[in-house]
Amino acid sequence: MDKERRLIIAGNWKSNKTVAEALDLVSGLKRELATVTEADIVICPPYTALDAVSKAIFDSPLRLGAQNLSDQAYGAFTGEIAPGMLRDLSVRYVILGHSERRQFQSESDALVARKAANAHANNLVPIVCVGETLVEREAGITEKVVGTQVRGSLAGLTVEQVEQTVLAYEPVWAIGTGKTASSAQAQEVHAFIRSVISSLHGEATGRRVRIQYGGSVKPGNARELLGQPDVDGALVGGASLEVRNFADIIKNTLQSPA
Ligand code: 13P
Numbered sequence: 030m031d032k033e034r035r036l037i038i039a040g041n042w043k044s045n046k047t048v049a050e051a052l053d054l055v056s057g058l059k060r061e062l063a064t065v066t067e068a069d070i071v072i073c074p075p076y077t078a079l080d081a082v083s084k085a086i087f088d089s090p091l092r093l094g095a096q097n098l099s100d101q102a103y104g105a106f107t108g109e110i111a112p113g114m115l116r117d118l119s120v121r122y123v124i125l126g127h128s129e130r131r132q133f134q135s136e137s138d139a140l141v142a143r144k145a146a147n148a149h150a151n152n153l154v155p156i157v158c159v160g161e162t163l164v165e166r167e168a169g170i171t172e173k174v175v176g177t178q179v180r181g182s183l184a185g186l187t188v189e190q191v192e193q194t195v196l197a198y199e200p201v202w203a204i205g206t207g208k209t210a211s212s213a214q215a216q217e218v219h220a221f222i223r224s225v226i227s228s229l230h231g232e233a234t235g236r237r238v239r240i241q242y243g244g245s246v247k248p249g250n251a252r253e254l255l256g257q258p259d260v261d262g263a264l265v266g267g268a269s270l271e272v273r274n275f276a277d278i279i280k281n282t283l284q285s286p287a
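The numbering used here puts the last residue of the sequence shown at 287; the count rises by one with no breaks.
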C-alpha cells in the first residue's frame, strides 16, 4: 500500500495476558512478521509483561508500546509509572487518553496533554486517542467533540512535538462492539482531525501527523479502512490478542493490489 505517511499498526492488549501468555503471543508474531519493513508495527502489552516482551522482541521488527504514563517525571506518586521506567525497558510508544481511561479513570484532555508533554520530554512517542460516543454521533456533534479533544489533548505541545505525536481516532461506539465505522465515516473524521492540526500548527504539520483508526479493526476490514487517504494505520484491540488475526490485519493491509 503506497501512502504519503508511513503506516503504523499497533496492538493494544488492554488488561489481557500474563507474562507466559504474552511471550507465547510474541513468539507467534515474530514468526509471522519477521520480514515486515513497510510499516511500523507496535505491540502494547500490560506493564507487567513489558520487560519480558522487550527482551523477546529485540531481534525483530516489532516495537514496544505501553498503555499509560504518569504526568510526572518521577517521585512520590504511588502506583504511577514514570517515563524513565519505560525508557529503561526500550519502550518507544505510549497510548494516552484511551476512551476506557477517559471513561473509567475520568481522564481529562488537560491530563492527557500533560502526559503527552511528559512523553515527549522523555523521547516516548504518544499515541493520543480521541473519539465520540454513540449519543454524541447521533446528536450530530462528532466534530465538536473530537475537535475539542484534539485541541485539549495536544495543548502546550510544540509544533515539532505535535508532528511526532500519533493520533488515534477511536469512535467509542465501535470499540469492542463489532461495529466498525465505515471507511467513509473514518475518512471524514480523519480529514477533520488533520484540518484541526493544520489550523493550529500549519499545513505541513497537518500533512505529516499520523492518524490511526481504532474500533473493531479485523483482517476483513483493515485494508479498506487503511486504504483511505487520511487513515495512516490502526490501533487494534481484540484482534491483536491472537497471532493469526493481528498478522492477517498487517499482511492484508500491506499486500500489493491483485
Ligand atoms: P477493539 O479492536 O477491540 O474494538 O478495540 C479498539 C481499541 O480500543 C484499541 O485501542
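For each residue, glycine too, the CB sits at the ideal point set by N, CA and C.
Chain order is used for the residues whose beta-carbon lies nearer than 6 Å to a heavy atom of the ligand 13P, namely Asn41, His127, Glu199, Ile204, Gly205, Gly243, Gly244, Ser245, Val246, Leu264, Val265, Gly266, Gly267, Ala268. With respect to the C-alpha of Thr206, the residue from Lys247, His149, Ala233 having the closest C-alpha is Lys247. Assigned with DSSP and collapsed to three states, Ala233 falls in helix.
The C-alpha of Thr234 is placed about 17 Å away from the C-alpha of Gly262. Looking from the CA of Asn274, the closest CA among Glu61, Ala49, Lys46 belongs to Glu61. Excluding the 5 residues flanking it on each side, Arg34 has same chain C-beta neighbours closer than 6 Å at Arg239, Asp261, in chain order. Residue environment analysis places Lys144 among the buried positions, since at least 16 neighbouring C-beta atoms fall within 10 angstroms of its C-beta.
Sequence-distant partners of Ile110 (beyond 5 residues in either direction) whose C-beta falls short of 8 Å from its own C-beta, in its chain, are Tyr76, Ala95, Asn97, Leu98, Ser99. Per DSSP, reduced to three states, the secondary structure at Val191 is helical. Scanning the stretch 67-99 for uninterrupted beta strand (DSSP E) segments of 3 residues or longer gives 68-73, 91-95, listed from N- to C-terminal end. A check of alpha carbon separations from Tyr122 across Pro258, Ser83, Val174 identifies Ser83 as the nearest.
Contact annotation: the stretch 163-176 does not touch the stretch 117-131, with fewer than three C-beta pairs closer than 8 Å.
Take Ser44, set aside five residues on each side of it, and the residues of its chain with a beta-carbon closer than 8 Å to its own are Pro75, in chain order. If you draw a straight line from the Cα of Asn147 to the Cα of Leu118, it is about 17 Å long. The three-state secondary structure of Asn45, taken from DSSP, is coil.
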